[in-house]
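Chains as they are written, first to last, in our numbering: chain G, 1 to 419; chain P, 420 to 670.
Shown next as structure tokens:
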């Protein structure tokens, strides 16, 4: 039996960042990971960082997250944030209006964002089709976080502050009595702590079930391709990330090639309970005739005509954790004191993790956060009809994932915001 | 031009492979099955040759197995094969008998070229292509890393320990593929849609008139035990000293 101030379940970026922030404040922390560190969704992520979101508080979290990452870079001496800039393109009037509202919102909070005419886009990105574009906008301060380097950073600082990491240690029981958490049990024995963090990613709803709680997250399949370097279509390592919401695509440079990912209309769903106990996400493989890959190829070819099924590429597939509104669950739920959820990042876990770790540490140690957490509160669907059974939850999360890129965002400019 | 591509349905060997408790086979309950990767390379190369010719040339994918093989043959069709043949057989086969069954298909189909993986990744036998060429008395080239069709013949680069060996074979011939010949594609949307309408013929084993004569008897499957002996050393100096000792001990 071991004791700590906090036990964190899951060594993906959410758990690692939370553990690090807690330890920086002097808390004793044990991280229990079912398999290997950073080998779940974290290990498959592309890591795109687009700071401007429809919700100003989320934008603030992302901007502040970059500062935390810069600090980690200083500590570890490795590059984590690659500031390539980012580009969003519009090929329909609705998308052009979306970009216009985004630019207006960005400017209202002093964010560096500009319209970019299609002719300029063509100059910046010779490997992309631009003749059908109506408008585009460019954010020079966006880019991507390198997931492996980010994990190393969290680990190094965490270890220096005394965090203990235990791998191949699935949690099989959450111990509680009288409405309060007391710890967890693994095959090796009990770990006692008054606070437990459920940072289980796609497994988070199963962890919640261990405490008889319902966490409305669902495991959604995701695919991206990575082309190999092609001398005829060079992709500079500092080429901007591109988002084409109409085609459901995002891209970023990777080792001389291009990563292109899709938020598919009909992604595959996974039942985490049915996966083998020793399931290793890095071994997931797309079938050669996967319909999702075929749709990815089709959309990719529409924007990058030089990429088709004959192009040398690798396909990466993994599992994302979606929620009914694509926002994470961070914090306690009313029925069990001391169990803090931290999951459901809906494809944004890497880039949200730096600030989320800070927020979690504040919630756990201070009982409140310096951020407005209303939109990410863990109890926002608590005992809400229509969000209580697995079937309902999965249907809603699946719908959200399927419409994730195609819904038109309406960003509202703010008069007084955080710069 | 008709290219016949024999394929094997194998467990995805990138997954964790274990033997069944009784040692009778591989525990495959959780394993996804795929077209043997070397055969997928052969399929890709065949499809590329046909796409380049742009005429009525065809790639015929062949499989030997039970009904669940249809899924892998549909994959072969989605990747661009023209049609597929499945020999219905519920018995385990060794390479000799696979070659004898394939011979019957070759005699029926009369292809110009048989293109197939150099080996299957489940048993690594590396025999079927060679047996088939011998049974047909056709020229063969194994471990092809590049092929080029010429008039009535095929030029094949083979990767050997001595360098690249180039062979020229009159057609028809049997060519087995190595890793670098081509990179199998993921099927396009059009490929998947078309595959649903492509012919997939089921041929009962009995129809081929081949009496199976097993020559290999599998006694037992068991999982290999990987022992990782690692040790954490405190410094580079200690590592160098340790390496010196180990080399000294082996010399």
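Note that beta-carbon positions come from the ideal geometry of N, C-alpha and C, so glycine has one too.
Since the structure is predicted, the reported quantities are computational estimates derived from the model, not experimental observations.
Opening and closing residue of the beta strand (DSSP E) in which residue i lies
i, result
"residue 173/G", "171-177"
"residue 313/G", "313-322"
"residue 430/P", "428-430"
"residue 139/G", "135-139"
"residue 158/G", "Looking at the DSSP string, residue 158/G is not in any beta strand (DSSP E); the run it does join, the alpha helix (DSSP H), is 147-160."
"residue 277/G", "Neither: residue 277/G is in no beta strand (DSSP E) and is coded neither H nor E."
"residue 8/G", "6-9"
Where residue i meets chain G, residues with beta-carbon distance less than 7 Å
i, result
"residue 449/P", "276"
"residue 567/P", "Simply none; closest approach about 18 Å."
"residue 535/P", "Residues of chain G passing the Cβ test: none, with the nearest at roughly 17 Å."
"residue 431/P", "285"
Neighbouring residues, chain P, relative to residue i (Cβ below 7 Å)
i, result
"residue 93/G", "Near residue 93/G there are no residues of chain P at all, since even the closest Cβ is about 27 Å away, more than 7 Å."
Opposing strand residues paired with residue i [DSSP bridges]
i, result
"residue 508/P", "Beta-bridge pairing links residue 508/P to no other residue."
"residue 568/P", "573/P"
"residue 342/G", "330/G"
"residue 183/G", "175/G and 192/G"
"residue 113/G", "None; residue 113/G has no bridge partner."
"residue 502/P", "479/P"
"residue 165/G", "31/G"
"residue 559/P", "593/P"
"residue 298/G", "None, per the DSSP bridge assignment."
"residue 2/G", "191/G"
The alpha helix (DSSP H) enclosing residue i, as first and last residue numbers
i, result
"residue 458/P", "456-472"
"residue 204/G", "204-210"
"residue 43/G", "41-44"
"residue 105/G", "93-108"
"residue 551/P", "547-555"
"residue 536/P", "Counting along the chain, residue 536/P falls outside any alpha helix (DSSP H), though it belongs to the beta strand (DSSP E) covering 532-536."
"residue 424/G", "No answer is possible for residue 424/G: it lies beyond the span of chain G, which begins at 1 and ends at 419."
"residue 69/G", "56-76"
"residue 86/G", "Here residue 86/G belongs to no alpha helix (DSSP H); instead the beta strand (DSSP E) covers 86-90."
"residue 521/P", "514-528"
"residue 23/G", "13-24"
"residue 392/G", "390-402"
"residue 119/G", "118-124"
"residue 488/P", "488-497"
Top-ranked residue by Cα proximity to residue i, from the options
i, options, result
"residue 85/G", "242/G, 68/G, 22/G and 288/G", "242/G"
"residue 229/G", "312/G, 339/G, 266/G and 28/G", "312/G"
"residue 284/G", "82/G, 50/G and 44/G", "44/G"
"residue 37/G", "28/G, 97/G and 150/G", "150/G"
"residue 298/G", "248/G, 253/G, 276/G and 411/G", "248/G"
"residue 119/G", "111/G, 135/G, 169/G and 155/G", "135/G"
"residue 577/P", "595/P, 571/P and 464/P", "595/P"
"residue 560/P", "542/P, 627/P and 587/P", "587/P"
"residue 540/P", "628/P, 453/P and 571/P", "453/P"
"residue 192/G", "208/G, 171/G, 206/G and 202/G", "171/G"
"residue 632/P", "465/P, 573/P, 517/P and 489/P", "517/P"
"residue 527/P", "628/P, 649/P and 473/P", "628/P"
"residue 428/P", "645/P, 623/P, 524/P and 485/P", "485/P"
"residue 424/P", "547/P, 608/P and 430/P", "547/P"
"residue 622/P", "505/P, 455/P, 457/P and 520/P", "505/P"
"residue 75/G", "214/G, 93/G and 159/G", "159/G"
"residue 154/G", "264/G, 69/G, 316/G and 329/G", "69/G"
"residue 496/P", "658/P, 613/P and 652/P", "613/P"
Beta-carbon neighbours of residue i, restricted to chain G and to distances below 8 Å
i, result
"residue 602/P", "312"
"residue 498/P", "288 and 289"
"residue 611/P", "289, 291 and 294"
"residue 459/P", "288"
Neighbour list for residue i in chain P, Cβ cutoff strictly below 9 Å
i, result
"residue 315/G", "605"
Interface residues of chain P facing residue i [CB-CB closer than 8 Å]
i, result
"residue 297/G", "605, 607 and 608"
"residue 107/G", "In chain order: nothing, as chain P lies at least about 40 Å away."
"residue 114/G", "Here the premise fails: no neighbours, minimum Cβ distance about 36 Å."
"residue 309/G", "604, 605, 606, 607 and 610"
Partners in chain G for residue i, counting only beta-carbon separations shorter than 9 Å
i, result
"residue 741/P", "No statement about residue 741/P is possible, as the shown extent of chain P runs from 420 to 670 and does not include it."
"residue 480/P", "Ordered by position in chain G, no residue passes the 9 Å Cβ test against residue 480/P, which lies about 12 Å from the chain."
"residue 435/P", "276, 278, 280 and 283"
Closer than 8 Å to chain C by CB, residue i
i, result
"residue 507/P", "Annotation note: the requested chain C is absent from the structure, which comprises protein chains G and P."
Subject >> 3 or more residues per run - each beta strand (DSSP E) lying fully within the segment 207-267 of chain G >> reply: Here the runs fully enclosed are 218-227, 241-244, 249-254 and 257-262.
Original post:
Going along the chain, which unbroken runs of the beta strand (DSSP E) with 3 or more residues stay wholly within the segment 580-633 of chain P?
Top reply: List check, beta strand (DSSP E) in window: 582-589, 592-596 and 619-623.
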